[in-house]
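Engineer: Numbering (the working numbering), first residue to last: 50 to 279.
Ideal placement from N, C-alpha and C gives every residue a C-beta, glycine not left out.
Got a structure here, written out as structure tokens. Questions coming.
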Amino acid sequence: MRFTNIILFISFSLGLAASAGTQGVGQQQPRCTQASPYADRIMRDVANIAQTLARLPYYELCRTLDVPNAAATVFPVRTPRGPQPKFMVYYNPQWAATADVSVANDFALIGVFAHEVGHIEHFANLYNPRNPGAVQQAQRNLHMPHQKELRADWFAGAVLARMGASVDDVVSVQRIIFSLHTTRNYPPSTVRLEHMLRAYSQHRRTPMSNREIQRRVGAAADLRSKYIRW
């Protein structure tokens with residue numbers, strides 16, 4: 050498959066900060082250094098579980114100050130076999146440290162990394178010549194940013210369930226992605242939380258009742274309304 054000359058760049062939505070969404074950013078990749086041992090361990094744990102949900106390509110994790118929070122990218126690189134996709138997950142160590150302290154829970158950052166791996170799974174389908182249907186669906190999703198984010202949120206919820214996270218752990222991820230309003234690139238965090246919880250419920254031993262899911266989402270909506278009040 051012929052590669053485009055853009056980098057697909059997806060950034061995780063955080064609080065009130067503007068997020069880059071999906072965009073072409075030329076040939077410029079974020080400058081990054083090797084991930085910390087702690088981040089590398091979290092990503093290895095996520096990857097081990099993620100591989101039970103989908104066949105994933107090789108990807109690298111690195112830290113950078115060039116993204117506001119966390120991001121997944123794919124860009125073409127030249128090889129003896131011709132252009133090949135290179136998949137990357139980036140995280141901002143300053144943001145990660147703040148998020149880790151604010152929720153005091155490893156599962157919150159596990160959920161963020163799992164969300165980015167969900168984007169990697171989507172990117173991989175763009176370069177899957179054996180499955181034209183998957184390629185076409187992945188291309189359509191690039192033009193439906195809300196659907197793309199919810200797909201990654203679903204993936205994160207499934208990973209969290211298989212890693213033994215509690216319902217409160219899943220909600221802690223929602224605290225990191227908290228957003229007051231719907232934007233062009235991101236649905237409101239209450240919708241994202243519901244997708245994570247439904248995937249979480251589907252992949253854990255004891256499913257949640259629909260009533261409990263709605264109660265949790267309602268509590269998040271109440272928090273959202275308090276912020277809007279100000």
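Consult DSSP for T101 and reduce its assignment to one of helix, strand or coil.
Structural biologist: T101: coil per DSSP, three-state reduction.
Engineer: For Q76 and P132, what's the separation of their Cα atoms in angstroms?
Structural biologist: Interpretation of Q76 is limited by its pLDDT of 45, a score under 50 that renders its predicted location unreliable; the figure taken from the coordinates is listed afterwards. In a straight line, the C-alpha of Q76 is about 14 Å away from that of P132.
Engineer: Can you check which of these residues, A146, Q196, D149 and T147, is closest to H168 by C-alpha distance?
Structural biologist: Nearest C-alpha to H168: Q196.
Engineer: Is it the case that the region 96-109 contacts the region 134-153, given that we only count it when at least three CB pairs across the two stretches are under 8 Å?
Structural biologist: The region 134-153 is in contact with the region 96-109.
Engineer: Bridge partners of Y107, per DSSP?
Structural biologist: Answer by DSSP bridge pairing: none, since Y107 is not bridged.
Engineer: Buried or exposed for S250, please, with buried defined as at least 16 other CB atoms from any protein chain shown within 10 angstroms of its CB.
Structural biologist: It is buried - the Cβ of S250 has at least 16 other Cβ atoms within 10 Å.
Engineer: Hey, would you say P194 sits closer than 8 Å to Y139, going by beta carbons?
Structural biologist: Result no, Cβ atoms of P194 and Y139 do not sit closer than 8 Å.
Engineer: Could you tell me the boundaries of the alpha helix (DSSP H) in which P194 lies?
Structural biologist: It spans P194 to R211 - the alpha helix (DSSP H) in which P194 sits, taken as one unbroken run.
Engineer: Look up A120 in the DSSP assignment and say whether it is helix, strand or coil.
Structural biologist: Strand, per DSSP.
Engineer: If I measure Cβ to Cβ from E170 and keep anything under 7 Å in the same chain, skipping five residues before and after, which residues do I get?
Structural biologist: Counting only Cβ-Cβ distances below 7 Å, and skipping sequence neighbours, we find A103, L105 and F204.
Engineer: At a Cβ threshold of 8 Å, is N154 touching chain C?
Structural biologist: Absence of chain C from the displayed structure is noted, only one protein chain being present.
Engineer: Give the secondary structure of M245 by DSSP, where H, G and I count as helix, E and B as strand, and everything else as coil.
Structural biologist: Residue state, collapsed to three classes: helix.
Engineer: If you run the structure through DSSP and keep just helix, strand and coil, what is Q280?
Structural biologist: The question about residue 280 has no answer here: the residues shown for the chain are numbered 50 through 279.
Engineer: Comparing C-alpha positions only, which one of L114, P256, A146 and L199 sits nearest to N234?
Structural biologist: Among L114, P256, A146 and L199, the Cα nearest to that of N234 belongs to L199.
Engineer: DSSP three-state call for D89: helix, strand or coil?
Structural biologist: In this structure, D89 counts as helix in the three-state DSSP scheme.
Engineer: Consult DSSP for R318 and reduce its assignment to one of helix, strand or coil.
Structural biologist: Limits of the chain in this structure are 50 at one end and 279 at the other, which puts residue 318 out of reach.
Engineer: In the structure shown, what three-state DSSP assignment does P125 receive?
Structural biologist: Reduced to three states, the DSSP call for P125 is strand.
Engineer: For the ligand ZN, is there any heavy atom lying closer than 7 Å to the beta carbon of T231?
Structural biologist: Among the components of this structure there are no ligands whatsoever, and the ligand ZN is therefore not found.
Engineer: Could you work out which residue in L158, L175 and T232 is closest to A214 when comparing CA atoms only?
Structural biologist: If we check each option's Cα against that of A214, L158 comes out closest.
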